[in-house]
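If you read the sequence shown in my numbering, its first letter stands for residue 186, the second for the next number, and so on. Idealized CB from N, CA, C, for every residue including glycine. Remember, predicted model here, so these are calculated numbers, not experimental data.
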Amino acid sequence: MTGFSDVAIQSVRDYWNRRPCNIRHSTAEIGTKEYFDQVEARKYLVEPHIPAFAEFEKWRGKKILEIGCGIGTDTMNFARAGANVTAVDLSSESLNLAKKRAEVFDLSDHIEFYEANAEKLSDFIPSQKYDLVYSFGVIHHSPHPEKIIEQIRQNFVRSGSTLKLMVYYRYSWKVFWMLMQEKGKFWKLDEIIAKHSEAQTGCPVTYSYTKSTVKDLIGEDFENEENYVEHIFPYRISEYVKYEYVKEWYWRILPESVFRKLEKNIGWHLCVTAKAK
Ligand SMILES: C[S@@+](CC[C@H](N)C(=O)[O-])C[C@H]1O[C@@H](n2cnc3c(N)ncnc32)[C@H](O)[C@@H]1O
């Protein structure tokens, strides 16, 4: 998995500035309360496993470092639950919206925002130890995810701090679906995953991991607590972009219990919780 290590960070930044993550989750006027409420409702409708993974309520009064906050959906929920959050992102466009969102919900006192490349995080934010370092769907989009882990390990955790990461799962239905779109060209798999992984085609960097390779990424200084797979996107894209939620016929005929079993085995989100030793 070295295919993206030469990608310039500027092209990653440009990509997320062109279309911040989840920016089209609402049709309301951008930056309004209604807009942000709709963004949140759609995000947790489509990715309902996030609140259970993040455990927002657990972090009341704690210090959280969120790496790659995007437009801030999870950030707001950590702050709402009473945590103090340092939120960083590479994309200024995403951060502008996240900041606006904190103002709209009167949460600015609980959140400090920084524009930063997490691979060099200690150049951008003061070194301090956090209770939780949280990063949902981010480090696999950076050319050197191992540098982000190294930054976290060296500067931002103490023994007992929690690390929660979501990275994409290589042995997933979504990867199989992408391969089908590209007529099974498995020798181009990494390229194909990056092309199709996001709502905006052609992400410059998208790594994917197995349960074993993510453990190698996190390294010996973290003790793995939980490591599970979640999330199959079941909706037809043609309706989804019109804010209608119609499942693909093959998911419709499947009993919910079977669908949930599949999500737990071949879901797209590999959710990892570890403790710093
Ligand atoms: C898929 S979005 C996820 C955003 C947010 N965590 C969420 O769940 O809505 C990926 C985010 O990672 C950010 N990102 C990618 N590489 C980064 C890096 N090296 N440092 C900081 N942020 C980065 C992007 O700018 C983008 O906002």
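In the pairwise beta carbon analysis, the stretch 363-382 is classified as not touching the stretch 303-314: fewer than three pairs are separated by under 8 Å. For V342 and L348, the gap between their C-alpha atoms comes out near 9 Å.
The three-state reading of DSSP puts V399 in helix, counting H, G and I together.
Segment contact: the stretch 432-445 against the stretch 387-397, fewer than three CB-CB distances shorter than 8 Å; contact not assigned. Per DSSP, reduced to three states, the secondary structure at F263 is helical. Annotation for K228: N207, H210, I235, T258 place their beta carbon closer than 8 Å to its own, counting only its chain and skipping 5 residues before and after.
Annotation: S312 to S276 spans about 21 Å, alpha carbon to alpha carbon. By the 16-neighbour rule on beta-carbons within 10 angstroms, S357 is buried. Of the candidates S307, Y319, A237, R421, the residue whose Cα lies closest to the Cα of A272 is Y319. In the assembly as shown, P233 is an exposed residue. Its beta-carbon has fewer than 16 other beta-carbons within 10 Å. Between the C-alpha atoms of R245 and G369 there is a straight-line separation of about 47 Å. In the DSSP assignment, V289 falls within the alpha helix (DSSP H) that extends over 277-289. V270 is bridged by DSSP to I249, I296. For C388, the distance from the CB to the nearest heavy atom of ligand 1 is not below 6 Å. For G216, the Cβ stays outside the 6 Å cut-off from all heavy atoms of ligand 1.
Listed as beta-bridge partners of S320 by DSSP are L350. For G322, the closest C-alpha among the options L447, E335, C388 is that of C388.
Between ligand 1 and the CB of D274, the shortest heavy atom gap is smaller than 6 Å. Ligand 1 never approaches C456 closely enough for any of its heavy atoms to be under 6 Å from the residue's Cβ. Relative to ligand 1, even the nearest heavy atom lies 6 Å or more away from the CB of H234. Not one heavy atom of ligand 1 falls within 6 Å of the beta-carbon of N450. Within the same chain, and ignoring the five residues on either side of L250 in sequence, the residues whose Cβ sits closer than 6 Å to its Cβ are T271, Y315, V318, F341. Each of A459, D291, T212 was checked against the Cα of Y425, and the nearest Cα belongs to T212.
Excluding five sequence positions before and after G253, the CB atoms of its chain that fall closer than 8 Å to its own CB belong to V273, D274, L275, A303, S320, F321, G322, V323, I324, H326, given in chain order.
Annotation for V443: the continuous alpha helix (DSSP H) segment containing it runs 441-451.
Distance from the C-beta of A303 to the nearest heavy atom of ligand 1 is below 6 Å. In this chain, N302 is not harboured by any alpha helix (DSSP H), its DSSP state being neither H nor E. Between V289 and F189, the beta carbon gap of about 35 Å keeps them out of contact (Cβ cut-off 8 Å).
Around F309, the same chain offers V273, Y299, E300, A301, N302 as residues with beta carbons nearer than 8 Å, after the five sequence neighbours per side are excluded.
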